[in-house]
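The sequence shown maps to residues 0 to 155 in numbering that gives the first Met the number 0.
We treat Cβ as the ideally placed atom computed from N, Cα and C, and that holds for glycine.
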Amino acid sequence: MKNLILDEISGALRKSVPLAASVYINPLSGGFLTQDASGNFALSLAADTQIYGYTSQRSGTASFSSTAATDFVTIDVDTEKVYELPASTTITAAAMKLLLFRTCDIAISGSALTLVQQANVTASSTDVLVICGWDISAQTVYVRMNPAKMYAQGIA
Numbered sequence: 000m001k002n003l004i005l006d007e008i009s010g011a012l013r014k015s016v017p018l019a020a021s022v023y024i025n026p027l028s029g030g031f032l033t034q035d036a037s038g039n040f041a042l043s044l045a046a047d048t049q050i051y052g053y054t055s056q057r058s059g060t061a062s063f064s065s066t067a068a069t070d071f072v073t074i075d076v077d078t079e080k081v082y083e084l085p086a087s088t089t090i091t092a093a094a095m096k097l098l099l100f101r102t103c104d105i106a107i108s109g110s111a112l113t114l115v116q117q118a119n120v121t122a123s124s125t126d127v128l129v130i131c132g133w134d135i136s137a138q139t140v141y142v143r144m145n146p147a148k149m150y151a152q153g154i155a
């Protein structure tokens, strides 16, 4: 059984992972995931210091299963892939030019079914994302996973 899937067309590395209980991934949200102590995955929050990958799968208008490890999503673990996230605050081209290729944190707005994962363009303490670009009209930021923060935890 293969543990990691190589997409023959895009060349992306992907992996199917179990979700924690009642995970909700808003269609407007980013999809960076963190692993919990049980080996299940949930949406990465602002304080998370390690991310494992990104899922483009969304839960729609309800949460995934209320039982952990019932639902699975595919995560992309490619460190060079770029993702578009809502900005945590209003961005301007002049301000974003100064942030290009710098690291930033994840921000969270809302709660439960209104929770949205964003690129925090005003904070840099966990540094899990790298800013690669922006779209001023959409108020979004293009980011990639910081490789130094993806594999930061040892096995023991």
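Inset, instruction - Using DSSP bridges, identify the partner residues of Arg-143. - result: Numbered from 1 along the sequence shown, position 144 holds the residue referred to as residue 143. As a beta-bridge residue in DSSP terms, Arg-143 pairs with Val-129.
Inset, instruction - Apply the 10 Å Cβ neighbour rule to Thr-91 and answer buried if 16 or more other Cβ atoms are within range, or exposed otherwise. - result: Counting from one through the sequence shown, the residue named residue 91 turns up at place 92. Label assigned to Thr-91: exposed.
Inset, instruction - May I have the straight-line CA-CA distance separating Val-201 from Gly-109, to the nearest angstrom? - result: Given that the chain is displayed from residue 0 to residue 155, the structure contains no residue 201 and the question cannot be resolved.
Inset, instruction - Starting from Ala-234, trace the beta strand (DSSP E) both ways and give me its first and last residue. - result: There is no way to answer for residue 234, as the model of the chain reaches only from 0 to 155.
Inset, instruction - Using only alpha-carbon positions, find the residue among Val-16, Thr-88 and Gln-49 that is nearest to Ser-55. - result: Within the sequence shown, residue 55 is the residue found at index 56, counting from 1. Of Val-16, Thr-88 and Gln-49, the residue nearest in Cα terms is Val-16.
Legend entry - Member of Ala-94, Gln-117 and Ala-93 whose CA lies at the smallest distance from the CA of Tyr-82: The residue labelled residue 82 in the question sits at position 83 within the sequence shown. Checked all of Ala-94, Gln-117 and Ala-93; the closest Cα to Tyr-82 is Gln-117.
Legend entry - Rounded C-alpha distance that separates Met-0 from Leu-97: On the sequence shown, position 1 is the one that residue 0 refers to. On the sequence shown, position 98 is the one that residue 97 refers to. Since pLDDT at Met-0 reaches only 42, below the 50 mark, its modelled position is unreliable, and the value read off the structure follows with that caveat. Their Cα atoms are separated by approximately 46 Å.
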